[in-house]
Amino acid sequence: MVQSLSGQTASTAGMNYQAVARDVFGKLLAKQTIALKISFSSGEGEAKSHYSEIHQVTTDELGLFNLVIGEGQDASGKLSDIPWATDQIRLNVALDAAGGREFALMGSSELHSVPYAYYATTASQLVDESSAIELPTEKNQSIYWHTGGNTATRPETHFLGTRDNQSLVFKTNNTTRVILTAGGQMQVYSGVSGNDSDPASYPITVEGSQQGIYVMVNESRDGDNNFLTFADPEGIWGRVEGQTIPELEASQEYRTQVALFTLSAVSLAATLVATIAEAAGLYAAAVAAAATLILAFATPGFTAAAVAVTANGVSIGVEAAALATEWATWESNIKGNIGVTYQSGAGDYAEWLQRGKDEPDMHFGEIVGVSGGKISLNTNNAQHYMVVSRRPIVLGNAPQPDREHLYEKVAFMGQVPVKVVGKVDVGDYIIPSGNNDGLGVAVKPSQMMISDYAKVVGVAWEAAKEAPLNYVNIGVGLTTNDLAPKVEDLSHKVDNIIAYLEGKAPLRSSTAKAVNPVAAPAAQPASAKMVTDEEFDQFLDKNADLVNQIYAQTKQELLRQGSDLSNYPELQAMFDDPIPAIKKMRRDPQLVSQWAMVDKKIQKELKKK
């Protein structure tokens, strides 16, 4: 039996059915009245019948006949109850060639397309509320939807999406807006634009909660996994990435802070050295001569003097214990709060500037000289003096991504932390140390020379105690007019000198005193070592017993307070074997300015006696 099935118009509740009738032997049944039983069923084996009816029709000379399913006799069930959406429906046709009721099944075929007129009658609802059957998920090719909202939903089987390996596409105005790929990636395409302060300018907005967007990655939080990535058509420009404790310890900022605590230990070493000098009985002004200093430690009676000042060494140990406690607190906090490496709160405008040839990577807070638009740690004869920024609020002059490693972020205006050696008061000018080490020194406004103003990096906005290294917040790009009062004062003095030479006015005493400072060379910071490294080594070696004794007592004080030095290898190395540790620090080229302070402190302590 060759057949075809099609839906009728909405005004007629039926489906057109056309076929050619043949008997069981394949003989054409032409111009003959026959009986047909049409039924719909689903399921394998004992199929479930949903609807059946009987028709009597007469074939033409070719055995062709037509009928309308839904208009037959002796109907069983309702066409509207056939589960087109949830079951795989089969059409069954049985024939009695004599026109009676002895039907023989002629064929059963699956309906791969649903008659639209019947499917559409259920399109206004998601599911029949009276239905209690579990819908088999493998048969869920379509869903009943209600445009006003849905009830009695079953999330495990009622969903919007695809069951094959294809993407789901959402469109508005016939334009693709969202694609859910077969792999699960969500791609959003938007045509909105506008000012960055207008929420309507953004493809995605999140509102209505106390929290924002929660991001969780499946892998670990190391630096290889980004929580957010920022890009434009030219490539990736920024990221919010994870950070583990090993990555934190390998980061430059962490190492810099560790170095800061280590340098505080250097400051304690300076106090210790001064204490040893006191023990040796060096109280004469001749201490300025290095040779005298070294020879003096060979004098008899040194041991007795050393024992007498052991108490001073213990006080140094207490100070070292406090330092270790501060170190431990900082390290505990930074490791306890580890997560992502991005944060806001910047306060300066910066630009990318290229490093000069053979210049190493630079770190935030370092002072650099600018010549011809390129930066260097060498500040001699530089055209400008600036600071490497940490996290600028605005960053301009961006290089191409493949050249970014050749550049540094340099602060042009605003507030930025800078590395400074020694004591700093609010309002001090910060100028380069003169050792080309990225460090600065503070100079009081009253002590500034005319030529110093050309070297000003910025003005201190906070104070710092005397230490081998401080990070001080300074204002940069704001000292343009600071030289004006000096120039005005100088102009008045020159006018007075001219008037004096012409016999028109007396010479003011302040003018006479001011002539030399104006012509004097620029003030150079006291950043050179006063004792050679070899002489310093002899100094330590001559007093190794006392040095080791004091550091041993310091170590005991730390242990008594519950400190675990194994967590702080830099301090542990100094306490376990102080002589080589101090010698090594003495020769670090990055610590020249700090050891200049040590030598100066030794002299200061000795001169007190």
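In this text, residue positions in the sequence shown follow our numbering: the first is 83, and each later residue adds one.
Where a beta carbon is used, it is the ideal one built from N, C-alpha and C, also for glycine.
This structure is a prediction, so every number in the text was calculated from the model and none was measured.
Q. Could you give the distance in angstroms between the alpha-carbon of leucine 187 and the alpha-carbon of glycine 96?
A. Along the sequence shown, read from residue 1 onward, the residue named residue 187 stands at position 105. Along the sequence shown, read from residue 1 onward, the residue named residue 96 stands at position 14. So the alpha carbons of these two residues sit roughly 22 Å apart.
Q | Minimum C-alpha distance to lysine 666 - residue among Leu628, Ala634, Leu622 | A | Here residue 666 refers to the residue found at position 584 of the sequence shown. Ranking the options by Cα distance to lysine 666, first place goes to Leu622.
Q: Report yes if the C-beta distance between alanine 112 and aspartate 178 is below 8 Å; otherwise report no.
A: In the sequence shown, residue 112 corresponds to position 30, counting from 1. In the sequence shown, residue 178 corresponds to position 96, counting from 1. Remark: C-beta atoms of alanine 112 and aspartate 178 do not approach each other more closely than 8 Å.
Q: Go ahead and label threonine 168 buried or exposed: buried means 16 or more other beta carbons lie within 10 angstroms of its beta carbon, across all protein chains shown.
A: If you number the sequence shown from 1, residue 168 lands on position 86. Around the beta-carbon of threonine 168, 16 or more other beta-carbon atoms lie within 10 Å, marking it buried.
Q | Exposed unless 16 or more other CB atoms sit within 10 angstroms - verdict on lysine 439 | A | Position 357 of the sequence shown, counted from the first residue, corresponds to residue 439. With fewer than 16 other Cβ atoms within 10 Å, it is exposed.
(Q) Suppose you measure from the CA of aspartate 163 to the CA of leucine 144; what does that come to, to the nearest Å? (A) Your numbering for residue 163 matches position 81 in the sequence shown. Your numbering for residue 144 matches position 62 in the sequence shown. Straight through space, the alpha carbons of leucine 144 and aspartate 163 are spaced by roughly 35 Å.
Q.
Quick check: the Cα distance between glycine 230 and serine 124, rounded to an integer number of angstroms?
A. Residue 230 sits at position 148 when you count from the first residue of the sequence shown. Residue 124 sits at position 42 when you count from the first residue of the sequence shown. If you take the alpha carbons of glycine 230 and serine 124, they lie about 31 Å apart.
Q) DSSP state of serine 249, grouped into three classes? A) Taking the first residue of the sequence shown as position 1, residue 249 is located at position 167. In the structure shown, serine 249 sits in coil (DSSP, three-state: anything other than H, G, I, E or B).
Q.
Rounded to the nearest angstrom, what separates asparagine 518 and glutamate 490 at their Cα positions?
A. Locating residue 518 in the sequence shown gives position 436, where the first residue counts as 1. Locating residue 490 in the sequence shown gives position 408, where the first residue counts as 1. Taking the straight line joining both Cα atoms gives about 17 Å.
Q: With arginine 236 as the anchor, note down where its beta strand (DSSP E) starts and where it stops.
A: Numbered from 1 along the sequence shown, position 154 holds the residue referred to as residue 236. Unbroken run through arginine 236: none, as it is neither H nor E.
Q) Can you tell me whether proline 281 is buried or exposed, with buried defined as 16 or more other CB within 10 angstroms of its CB? A) For this step, residue 281 is matched to residue 199 along the sequence shown. With fewer than 16 other Cβ atoms within 10 Å, it is exposed.
Q.
Only counting the same chain, and skipping five residues up and downstream in sequence, which positions put a Cβ closer than 7 Å to that of alanine 393?
A. One-based indexing of the sequence shown puts residue 393 at position 311. Because alanine 393 sits at a pLDDT of 36, beneath the cut-off of 50, its placement in the model cannot be relied upon, and the point is left open.
Q. Contact check, leucine 551 vs glutamine 676 under 8 Å by CB: the rounded distance?
A. As a position in the sequence shown, residue 551 is number 469, starting the count at 1. As a position in the sequence shown, residue 676 is number 594, starting the count at 1. Yes, they are in contact, since the Cβ atoms of leucine 551 and glutamine 676 sit about 7 Å apart, within 8 Å.
**Q.** Residue interval of the alpha helix (DSSP H) (run including isoleucine 664)
**A.** Walking along the sequence shown from the start, residue 664 turns up at place 582. 660-668 is the span of the alpha helix (DSSP H), which, as asked, contains isoleucine 664.
Q | DSSP three-state assignment for serine 279, whether helix, strand or coil | A | The count along the sequence shown starts at 1 and reaches residue 279 at position 197. Serine 279: coil per DSSP, three-state reduction.
Q | beta strand (DSSP E) segment containing isoleucine 534, residue limits | A | Numbered from its first residue, the sequence shown carries residue 534 at position 452. Correcting the residue type first, residue 534 is aspartate in the shown sequence and not isoleucine. Neither: aspartate 534 is in no beta strand (DSSP E) and is coded neither H nor E.
Q | Terminal residues of the alpha helix (DSSP H) in which glutamate 433 lies | A | Indexing the sequence shown from 1 puts residue 433 at position 351. Counting along the chain, glutamate 433 sits inside no alpha helix (DSSP H); it lies in the beta strand (DSSP E) bounded by residues 430-437.
Q. Could you give the distance in angstroms between the alpha-carbon of aspartate 671 and the alpha-carbon of glutamate 448?
A. As a position in the sequence shown, residue 671 is number 589, starting the count at 1. As a position in the sequence shown, residue 448 is number 366, starting the count at 1. Per the sequence presented here, residue 671 reads as proline, with aspartate not at that position. Roughly 15 Å separates the two Cα atoms.
Q. Got a sec, what are the start and stop residues for the alpha helix (DSSP H) glutamate 617 sits in?
A. For the purposes of this step, residue 617 is taken as the residue at position 535 of the sequence shown. Glutamate 617 -> alpha helix (DSSP H) spans 615-624.
**Q.** Beta-carbon proximity check, alanine 493 vs proline 474, cutoff 8 Å
**A.** The residue labelled residue 493 in the question sits at position 411 within the sequence shown. The residue labelled residue 474 in the question sits at position 392 within the sequence shown. A contact, by the Cβ cut-off of 8 Å.
Q: Could you check what DSSP says for valine 629 in three-state terms: helix, strand or coil?
A: Within the sequence shown, residue 629 is the residue found at index 547, counting from 1. For valine 629, the secondary structure class from DSSP, reduced to helix, strand or coil, is helix.
Q) Could you give the residue range of the beta strand (DSSP E) that holds lysine 694? A) This structure cannot speak to residue 694, because the chain is shown only from 83 to 691.
Q) If we call anything under 8 Å between Cβ atoms a contact, is isoleucine 512 one with isoleucine 457? A) The count along the sequence shown starts at 1 and reaches residue 512 at position 430. The count along the sequence shown starts at 1 and reaches residue 457 at position 375. In this structure, isoleucine 457 does not lie closer than 8 Å to isoleucine 512 by Cβ.
Q) From this set, Phe309, Asn232, Gln635, which residue's C-alpha is nearest valine 299's C-alpha? A) Position 217 of the sequence shown, counted from the first residue, corresponds to residue 299. Closest by alpha carbon: Phe309.
Q.
Contact between the stretch 103-112 and the stretch 126-133 is defined here as three or more beta-carbon pairs at a separation below 8 Å; is this criterion met?
A. Touching, no, given that fewer than three Cβ pairs across the two stretches are closer than 8 Å.
Q) Smallest Cα separation from threonine 257: which of Asp246, Arg669, Ala264, Val270? A) As a position in the sequence shown, residue 257 is number 175, starting the count at 1. For threonine 257, the closest of Asp246, Arg669, Ala264, Val270 by C-alpha to C-alpha distance is Val270.
Q. Between glutamine 248 and alanine 264, what straight-line distance do the alpha-carbon atoms span, to the nearest angstrom?
A. Stepping through the sequence shown from its first residue, residue 248 is reached at position 166. Stepping through the sequence shown from its first residue, residue 264 is reached at position 182. About 5 Å.
Q | Separation of leucine 435 from threonine 470, as counted between CA atoms | A | Here residue 470 refers to the residue found at position 388 of the sequence shown. Here residue 435 refers to the residue found at position 353 of the sequence shown. The sequence as given places valine at residue 470; threonine does not occur at that position. Taking the straight line joining both Cα atoms gives about 10 Å.
Q: Tell me whether histidine 445 sits in a helix, a strand or coil according to DSSP, three-state version.
A: For the purposes of this step, residue 445 is taken as the residue at position 363 of the sequence shown. Histidine 445 sits in coil when the DSSP states are folded into three classes, being neither helix nor strand.
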